[in-house]
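What follows is a set of notes on a single structure, which appears directly below.
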Amino acid sequence: MPELPDVEVFRRTLAHSSLHREITGVEVADPMVLEDVSAADLERELTGSQLTATTRHGKHLYVRRDAGPALALHFGMTAYLEPDAADAPEPDHARVTLLFEGDRRLVFVDQRRFGRITLVDDPARDVEERGLGPDALAIDRPGLHDRLEVSRGGLAATLMDQSVVAGIGNIYSDEVLFHARLDPRMRASTVTDREVARLHHQLRRVLERAIEAHARPEAMPAGWLIHAREDGAPCPRGNGTVRPYSVAGRTAYWCPECQGGD
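Numbering-wise, the UniProt record's numbering puts 258 at position 258 of the sequence shown, and it's gapless, one number per residue.
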């Protein structure tokens, strides 16, 4: 499932390939990925306009235009953006395609069809209406401490709660907690000031490094947990074995030896 680093890569891809080009057409192959807008309305609204700027909040990508509401994209479980020449072979599972002047296109590809595209008048208000917490790369240490302190859940579940911190799923929650050497099952409200400082540092470090790697696991450092997400796999630090656990209905991984479990 795309998390913050993936969506930041998508944002940069779109910004590099598709800004300041007139949209000459919109092809909706599957209206199921549209939210609160019809295929006809999306085509009418976007055609003739230009995408001018991108912003991201957690896992949500917003694209402002030269006039009218902004384009809002969420990538669900499998969606991504693929820019290409307009006459290139169409990728499998293409759901929505924006056609641009200069024979270019941008395709919203989504195998599982859980991604969503819509139009919003104000991205900041959309973030508020969706109940999203601060972006995981923007939250400061005191803000993180305050949000953990009032949580009633476990640490990993709290980090994955989009209303607490936006952008983190089970993969990067695992990675951040592994590097912070914190037990993912501990109550979030019991984390000490020193542990919050460690957690905040690793939160930024892991996300920034993942973005540098273009969110590709094979490009991430050899000592990261992402390469050992399997029951019984050797700990990347050489300290015991990796074990699975369930959090928020998902399978996650940790090293009890490194992270203080019993």
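Even for Gly, the Cβ is constructed at its ideal location relative to N, Cα and C.
- Taken through DSSP and simplified to helix, strand or coil, Ser246 comes out as strand.
- Three or more beta-carbon pairs separated by less than 8 Å link the region 174 to 193 to the region 151 to 164, which places the two stretches in contact.
- For Thr13, the enclosing alpha helix (DSSP H) starts and ends at 4 to 18.
- Looking only at Arg147, Ala138, Cys255, the smallest Cα-Cα distance to Arg204 is reached by Ala138.
- DSSP places Phe108 in the uninterrupted beta strand (DSSP E) bounded by 104 to 109.
- Taken through DSSP and simplified to helix, strand or coil, Pro142 comes out as helix.
- The C-beta distance from Thr47 to Gly25 rounds to 6 Å, short enough to fall under 8 Å.
- Look at Gln50 here: in three-state DSSP terms it is strand.
- In terms of Cβ geometry, Leu42 and Val63 do not form a close pair [threshold 8 Å].
- Excluding five sequence positions before and after Arg65, the CB atoms of its chain that fall closer than 8 Å to its own CB belong to Leu46, Ser49, Gln50, Leu51, Thr52, Leu71, given in chain order.
- Counting other Cβ atoms within 10 Å of its Cβ, Pro123 reaches 16 or more and is therefore classed as buried.
- In the DSSP annotation of this structure, His74 is not part of any alpha helix (DSSP H); the continuous beta strand (DSSP E) holding it starts and ends at 70 to 74.
- Taking C-alpha positions only, Ala15 is separated from Glu22 by approximately 14 Å.
- DSSP places Ile117 in the uninterrupted beta strand (DSSP E) bounded by 116 to 120.
- Under the three-state reduction of DSSP, Glu27 is assigned to strand.
- Judged by beta-carbon spacing, Pro236 lies within the 8 Å limit of Trp224, meaning their Cβ atoms are closer than that value.
- Within the same chain, Cβ atoms closer than 6 Å to the Cβ of Glu35 are found at Arg116, Thr118, the five residues on either side in sequence being excluded.
- Using a Cβ distance threshold of 8 Å, Asn170 and Arg104 do not count as a contacting pair.
- For Val176, the enclosing alpha helix (DSSP H) begins and ends at 170 to 180.
- Counting only runs of 4 or more residues that sit fully inside the region 170 to 236, the alpha helix (DSSP H) segments are 170 to 180, 193 to 212, in chain order.
- Under the DSSP assignment, Glu82 falls outside any alpha helix (DSSP H), being part of the beta strand (DSSP E) whose first and last residues are 80 to 85.
- In this structure, Pro89 and Val109 do not form a Cβ contact; the two beta carbons are roughly 13 Å apart against a cut-off of 8 Å.
- The continuous stretches of alpha helix (DSSP H) do not include Leu34, and DSSP gives it neither H nor E.
- Excluding sequence positions up to five before and after His57, its CB lies within less than 7 Å of the CB of Val127, Leu132, Asp135, Ala166, all in the same chain and listed in chain order.
- Straight across, the Cα-Cα distance linking Tyr172 with Leu61 is about 18 Å.
- Within the model, the alpha-carbon separation for Leu148 versus Glu195 is close to 11 Å.
- DSSP places Arg125 in the helix class (H, G or I) of the three-state scheme.
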